[in-house]
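Residue numbers (the working numbering): 362 to 508.
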């Protein structure tokens, strides 16, 4: 029995809860960051309507390439560290406790401009996966306007 199967709580009416711990989800290295898909299509909790991943970005690293989500929104919440976010040409600071909503189709990039690891929780609706990202390799972080 895998980890998730042992953590599904069943009641006579069906499934009511799934539980998983971040440490029990495999971490994937992708350009500029490490991802753990806590809840994604076919991974982690395998939800129907939303997704969630934990992203770790090392100092000086930039999430690459720029990307957007054509089917829905992404909300990120910085739980550790600091950096900057590029959204459709505008650059804003990120600090612990900052939340950012990327609306459907907005092109965005995250950069760790701090001295320690930045850890971010990413929420998506509807459910998505890395394979559904729309990539924009022609967009560079340094081309944005800081405000």
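Backbone N, C-alpha and C fix where the C-beta goes; we use that ideal spot for every residue, glycine too. Here the structure is a predicted model, which is why all the values come from computation and not from measurement.
Verify whether the separation of the beta carbon atoms of residue i and residue j is less than 8 Å.
i: residue 395; j: residue 417; result: yes
i: residue 478; j: residue 457; result: no
i: residue 480; j: residue 441; result: yes
i: residue 505; j: residue 437; result: no
i: residue 510; j: residue 498; result: No answer is possible for residue 510: it lies beyond the span of the chain, which begins at 362 and ends at 508.
Report all residues from its chain with a CB closer than 6 Å to the CB of residue i; omit the five preceding and five following residues, and keep chain order.
i: residue 412; result: 400, 401, 485, 488, 489
i: residue 423; result: 393, 472, 502
i: residue 382; result: none
Does DSSP put residue i in a helix, a strand or coil?
i: residue 362; result: Per-residue confidence for residue 362 stands at a pLDDT of 40, beneath the threshold of 50, marking its modelled position as unreliable; the derived number appears in the next sentence. Correct three-state label for residue 362: coil.
i: residue 491; result: helix
Measure from the alpha carbon of residue i to the alpha carbon of each residue in the options, then state which is nearest.
i: residue 420; options: 441, 474, 461, 410; result: 474
i: residue 430; options: 467, 415, 440; result: 467
i: residue 439; options: 428, 495, 455, 425; result: 455
i: residue 391; options: 491, 410, 500; result: 491
Using a beta-carbon distance below 8 Å, is residue i in contact with chain C?
i: residue 486; result: Absent from the structure: chain C. Only one protein chain is present.
Using a Cβ-Cβ cutoff of less than 8 Å, which residues in the same chain neighbour residue i once the five nearest sequence positions on both sides are dropped?
i: residue 434; result: 462, 463, 464, 465, 485, 486
i: residue 449; result: 467, 468, 469
By Cβ distance, which residues of its chain are closer than 7 Å to residue i, with the 5 residues on each side in sequence left out?
i: residue 432; result: 487, 489, 493
i: residue 405; result: 381, 386, 398, 399
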